[in-house]
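Participant: Before anything else, here's the structure in question.
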Amino acid sequence: MKPEQKIAAVVRTFRDCYGQPRRQGRDALEVLIGGVLSQNTTDLNSARAYERLMQSFGSWEGVAGADGRAVEEAIQHGGLAARKAATIQSILRWVGERGGYSLEFLRHRPPEQAEKELRAIKGVGVKTARLALLFGFGMPVFVVDTHVLRVAKRLGLIPQGCTREKAHRLLDDLVPDSQKYPVHMNMIRHGRQVCRPRNPSCDRCPVRRWCVFAPERK
Ligand code: SF4
202 MKPEQKIAAV VRTFRDCYGQ PRRQGRDALE VLIGGVLSQN TTDLNSARAY ERLMQSFGSW
262 EGVAGADGRA VEEAIQHGGL AARKAATIQS ILRWVGERGG YSLEFLRHRP PEQAEKELRA
322 IKGVGVKTAR LALLFGFGMP VFVVDTHVLR VAKRLGLIPQ GCTREKAHRL LDDLVPDSQK
382 YPVHMNMIRH GRQVCRPRNP SCDRCPVRRW CVFAPERK
């Protein structure tokens, strides 16, 4: 089966099983900073770090002007605090120099251009940049997190040794623009609930017939 046919079948099956998630309008800058805080930690810890950041400084302007150590202290829940604090302050200074604490000026840029601009900020990687563009503006960019990467490899949609950078490019081509948000959300749901890293529930997996990993487990 060609990858284009397989992705169409997988998209349909996920939609039947998990529904068609709809994007809620979210502030792109909040998503971008939330993405930095979520690197290498759990959702709970990154949510706590975000909350502490807001409680401690009250506004993005406050975070931008704060002492780096104080920002680090506020976000320590999520780990890698020094690196994340530096990235967050770089982002805020970057947007501050462009007229305010908002990413609205990127809304009408071509997606590749907007991604390139965000990735020029030290510490902002492909996933974090694209999260802001997809969730904030609904741009047609596919986002690959750890669950999406695992599920896509197990289904044989991308090569087993594929890097996350390359996975973004391959899945961008494969997933239709109108489906980029729902497929991202449904792959995460599938990866958390069924296709877990260890002991995936292959016996109740709705996309098992297309999986290249499940037969190896017999
Ligand atoms: S069959 Fe198993 S390994 Fe394959 S996608 Fe489903 S849960 Fe994951």
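Counting the sequence shown from 1 gives a position; the working numbering is that position plus 201.
Where a beta carbon is used, it is the ideal one built from N, C-alpha and C, also for glycine.
(1) Starting from residue 341, trace the alpha helix (DSSP H) both ways and give me its first and last residue.
(2) Quick one: residues in its chain with C-beta nearer than 8 Å to the C-beta of residue 339, no 5 flanking neighbours on either side, listed in chain order?
(3) Taking 7 Å as the cut-off, does the CB of residue 363 come closer than this to any heavy atom belonging to the ligand SF4?
(4) Mapping the DSSP letters down to three states, classify residue 298 as helix, strand or coil.
(5) Quick check: does the Cβ of residue 384 come within less than 7 Å of any heavy atom belonging to the ligand SF4?
(6) Is it a yes or a no for the region 355-370 touching the region 327-344, going by three-plus beta-carbon pairs under 8 Å?
(7) How is residue 401 classed by DSSP in three states: helix, strand or coil?
(8) Between which two residues does the alpha helix (DSSP H) carrying residue 257 extend?
(9) Shorter than 7 Å, the distance from the beta carbon of residue 223 to the closest heavy atom of the ligand SF4, or not?
(10) Please determine if the region 391-401 and the region 223-238 are in contact, where contact requires at least 3 C-beta pairs separated by less than 8 Å.
(11) Given this structure, state the Cα-to-Cα distance separating residue 299 from residue 209, to the nearest angstrom.
(12) Give a yes or no on contact between the region 275-293 and the region 237-247, applying the rule of three or more CB pairs nearer than 8 Å.
(13) Could you tell me which of 317, 215, 254, 320 sits nearest to residue 385, measuring between CA atoms?
(14) Residue 356: beta carbon under 7 Å from a heavy atom of the ligand SF4?
(15) Kindly indicate which three-state DSSP category residue 307 falls into: helix, strand or coil?
(16) Pull up the CB-CB distance for residue 233 and residue 333, whole angstroms please, since I reckon it's below 8 Å.
Facilitator: Let me spell this out:
(1) In the sequence shown, counting from the first residue as 1, residue 341 sits at position 140. That residue, residue 341, is in no alpha helix (DSSP H); it is neither H nor E in DSSP.
(2) Stepping through the sequence shown from its first residue, residue 339 is reached at position 138. Correct list, in chain order: 224, 382.
(3) The residue labelled residue 363 in the question sits at position 162 within the sequence shown. The answer is no for residue 363.
(4) Here residue 298 refers to the residue found at position 97 of the sequence shown. It is coil, neither helix nor strand.
(5) The count along the sequence shown starts at 1 and reaches residue 384 at position 183. Every heavy atom of the ligand SF4 is 7 Å or more from the Cβ of residue 384, so no.
(6) yes
(7) Position 200 of the sequence shown, counting from 1, holds the residue named residue 401. DSSP places residue 401 in coil when its eight states are reduced to three.
(8) To locate residue 257, count along the sequence shown from 1; it is residue 56. 244-258 is the span of the alpha helix (DSSP H), which, as asked, contains residue 257.
(9) Locating residue 223 in the sequence shown gives position 22, where the first residue counts as 1. Because no heavy atom of the ligand SF4 lies under 7 Å away, the Cβ of residue 223 does not count as near it: no.
(10) no
(11) Taking the sequence shown and counting its residues from 1, one reaches residue 299 at position 98. Taking the sequence shown and counting its residues from 1, one reaches residue 209 at position 8. C-alpha separation (whole angstroms): 41 Å.
(12) yes
(13) Against the sequence shown, residue 385 aligns to sequence position 184. Ranking 317, 215, 254, 320 by Cα distance to residue 385 puts 215 first.
(14) Your numbering for residue 356 matches position 155 in the sequence shown. Result yes, Cβ under 7 Å from the ligand SF4.
(15) As a working mapping, residue 307 is identified with position 106 in the sequence shown. Residue state, collapsed to three classes: helix.
(16) If you number the sequence shown from 1, residue 233 lands on position 32. If you number the sequence shown from 1, residue 333 lands on position 132. Between residue 333 and residue 233 the Cβ distance is about 4 Å, and since that is below 8 Å, they are a contact.
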